[in-house]
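Using the UniProt record's numbering, the first residue of the sequence shown is number 1, and each one after it goes up by one.
For reference, the structure is listed below as structure tokens.
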Amino acid sequence: MASTYRDDDEGTDIFREEFKRYKRKEPPPDFSEVIDFTNELITNNNCNVIPLNHAETTKTEPRLFGLRPVYEWKVYYYKTNPGFVFISNPFTAAAQRYWTHRCLHDYPSKQNVTNLDFIEKQCGINRPDNIWTASENYESGKAQCFVDSLSFDMRFHMNKLRWVTLGYHYNWNDKTYSKNQVSTFPFDLEILAKYIASVVGFKEYNPEAAIVNYYHMGSTLAGHTDHSEFDHDSPIISFSFGQDAIFLLGGVTKAVKPAAFHLRSGDICIMAGDSRLCYHAVPRVLPSKHFETSCNARVADELAELNSFVYQNTPNSRENSGLSLINSTDCDKINKKILTTLNSLHWENYENFLKESRINISVRQVLKIGQSFPDHTNSEVK
Ligand SMILES: O=C(O)CCC(=O)C(=O)O
Numbered sequence: 001m002a003s004t005y006r007d008d009d010e011g012t013d014i015f016r017e018e019f020k021r022y023k024r025k026e027p028p029p030d031f032s033e034v035i036d037f038t039n040e041l042i043t044n045n046n047c048n049v050i051p052l053n054h055a056e057t058t059k060t061e062p063r064l065f066g067l068r069p070v071y072e073w074k075v076y077y078y079k080t081n082p083g084f085v086f087i088s089n090p091f092t093a094a095a096q097r098y099w100t101h102r103c104l105h106d107y108p109s110k111q112n113v114t115n116l117d118f119i120e121k122q123c124g125i126n127r128p129d130n131i132w133t134a135s136e137n138y139e140s141g142k143a144q145c146f147v148d149s150l151s152f153d154m155r156f157h158m159n160k161l162r163w164v165t166l167g168y169h170y171n172w173n174d175k176t177y178s179k180n181q182v183s184t185f186p187f188d189l190e191i192l193a194k195y196i197a198s199v200v201g202f203k204e205y206n207p208e209a210a211i212v213n214y215y216h217m218g219s220t221l222a223g224h225t226d227h228s229e230f231d232h233d234s235p236i237i238s239f240s241f242g243q244d245a246i247f248l249l250g251g252v253t254k255a256v257k258p259a260a261f262h263l264r265s266g267d268i269c270i271m272a273g274d275s276r277l278c279y280h281a282v283p284r285v286l287p288s289k290h291f292e293t294s295c296n297a298r299v300a301d302e303l304a305e306l307n308s309f310v311y312q313n314t315p316n317s318r319e320n321s322g323l324s325l326i327n328s329t330d331c332d333k334i335n336k337k338i339l340t341t342l343n344s345l346h347w348e349n350y351e352n353f354l355k356e357s358r359i360n361i362s363v364r365q366v367l368k369i370g371q372s373f374p375d376h377t378n379s380e381v382k
């Protein structure tokens with residue numbers, strides 16, 4: 001790795017130093033070393049563009065659940081940290097709206113685990129079935145808030161939402177997954193992650209758990225490794241929506257100086273190979289300069305295109321469109337769900353939330369293919 005080991009002082013926590021530097025408010029840090037994949041000059045030095053297999057990604061490829069066709073994607077391989085792959089926002093604006101809605105409206109549902117469950121337990125209150133809807137109703141004065149008597153309002157919930165776990169629920173206390181702490185992994189996210197994995201060469205990827213992190217301006221995520229999964233050969237696939245962020249990726253110890261990357265809405269980071277167990281962190285959320293999701297006309301055009309694909313192509317013509325990586329029935333199901341969701345979505349409140357927040361979904365395969373949980377799990381796998 002080109003990240004510099006300081007041999008003379010191996011115990012130094014250089015990762016933390018860099019984290020603190022990028023987090024610092026005054027004086028603001030120097031961002032000149034940050035790798036920005038939209039800046040060709042910088043990326044040429046450190047990163048290779050990965051040529052994708054165009055036999056599988058022909059120009060007739062449809063708008064697969066709101067992704068741009070793969071032949072348009074920009075996929076980078078970060079030379080100094082092998083296994084780290086970056087896909088520069090392959091989502092249409094409509095798809096970014098869809099996944100934002102999933103993360104804000106659907107994923108914090110009662111069947112999943114959120115940080116709010118613990119706050120609510122402490123306060124002795126029950127949360128409503130749908131925090132987002134209750135919050136919207138409260139804002140528009142339609143409903144009396146169930147926590148009025150406790151003198152904090154529903155906005156409290158959305159503002160205090162920090163994480164949701166999906167599938168096998170990650171236990172933050174003992175850093176384990178267990179076979180008994182599980183909810184159904186969302187089908188659309190499973191297909192999306194499988195598809196992304198297959199495009200970058202992981203044909204057998206089984207998404208079983210995800211952590212959705214909600215950041216506000218000023219939020220950070222400290223340096224850590226994701227090593228609690230039993231399977232370390234499969235990648236972590238991480239999707240970002242909303243505000244920009246600085247993402248640090250270091251080595252397997254904190255003595256390695258991390259590289260800093262500028263992430264934007266829609267960007268996908270894949271940590272596989274040597275980078276799979278490397279330290280990473282988010283020291284800073286940055287205000288985004290450009291917000292694709294704001295453009296109603298653009299979203300309307302994208303939905304019209306998706307609609308014509310869903311309702312005018314026969315399954316057979318889709319099979320022949322080069323889309324060998326995904327089952328066309330799954331694809332149809334998700335495309336239809338995107339259309340129904342977005343056709344009735346009041347985007348304004350989501351947009352307001354997203355203007356001051358960043359959402360990250362990181363998808364993991366917990367077990368090796370064919371493996372079952374050891375009987376005694378809760379012991380952390382190192
Ligand atoms: O927010 C991010 O980009 C990274 C999230 C992450 O590292 C994690 O959930 O383990």
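Glycine included, every Cβ here is placed at the ideal spot set by N, Cα and C.
- In the same chain as residue 263, and ignoring 5 residues on each side of it, the C-beta atoms closer than 8 Å to its own belong to 240, 244, 245, 246, 247 and 269, in chain order.
- In the structure shown, residue 363 adopts extended strand secondary structure according to DSSP, grouped into three states.
- With a cut-off of 6 Å, the C-beta of residue 282 is classified as near ligand 1, since at least one heavy atom of the ligand falls inside that distance.
- Cβ contact annotation for residue 109 (same chain, cutoff 8 Å, sequence separation greater than five): 129 and 130, in chain order.
- The beta-carbon distance between residue 365 and residue 190, rounded to whole angstroms, is 11 Å. This is too long to meet the 8 Å contact definition.
- Straight through space, the alpha carbons of residue 19 and residue 373 are spaced by roughly 35 Å.
- Per the coordinates, the alpha-carbon of residue 344 lies some 42 Å from the alpha-carbon of residue 278.
- Per DSSP, residue 336 is not a residue of any beta strand (DSSP E); the alpha helix (DSSP H) it occupies stretches across 328-343.
- DSSP places residue 170 outside both helix and strand once states are collapsed to three, so it counts as coil.
- Short note on residue 247: C-beta closer than 6 Å to some heavy atom of ligand 1.
- Checking the 6 Å criterion, the Cβ of residue 211 is within range of a heavy atom belonging to ligand 1.
- By the C-beta density criterion, residue 82 is exposed, having fewer than 16 other C-beta atoms within 10 angstroms.
- Using a cutoff of 6 Å, the CB of residue 89 does not count as near ligand 1, since none of the ligand's heavy atoms is closer than that.
- Contact annotation: residue 84 and residue 37 have beta-carbon atoms that are not nearer than 7 Å.
- Annotated as proximal: residue 215 and residue 358, with beta-carbon spacing under 7 Å.
- Under the three-state reduction of DSSP output, residue 84 falls in the strand class.
- Relative to ligand 1, even the nearest heavy atom lies 6 Å or more away from the CB of residue 36.
- If you look at residue 353, you'll find it in the alpha helix (DSSP H) that goes 347-354.
- Sequence-distant Cβ neighbours of residue 258 in its own chain, meaning closer than 6 Å and more than five residues away, are 15, 18, 248, 249 and 250.
- In terms of side-chain proximity, the C-beta atom of residue 173 is found no nearer than 6 Å to any non-hydrogen atom of ligand 1.
- Within the same chain, Cβ atoms closer than 6 Å to the Cβ of residue 95 are found at 66, the five residues on either side in sequence being excluded.
- Taking the Cβ atoms as the reference, residue 92 lies roughly 16 Å from residue 354, outside the contact range of under 8 Å.
- Counting along the chain, residue 240 sits inside the beta strand (DSSP E) bounded by residues 236-242.
- Cβ-Cβ distances below 7 Å link residue 206 to 365 and 369 in the same chain, with the five nearest sequence neighbours on each side left out; the list follows chain order.
- With contacts defined as CB atoms closer than 7 Å, residue 21 and residue 29 qualify as a contacting pair.
- In this structure, residue 335 places its C-beta atom within 7 Å of the C-beta atom of residue 306.
- Comparing C-alpha distances from residue 181 to each of 234, 114 and 195 shows the shortest one belongs to 114.
- In this structure, residue 360 has its beta carbon less than 6 Å from a heavy atom of ligand 1.
- It is roughly 39 Å from the alpha-carbon of residue 136 to the alpha-carbon of residue 234.
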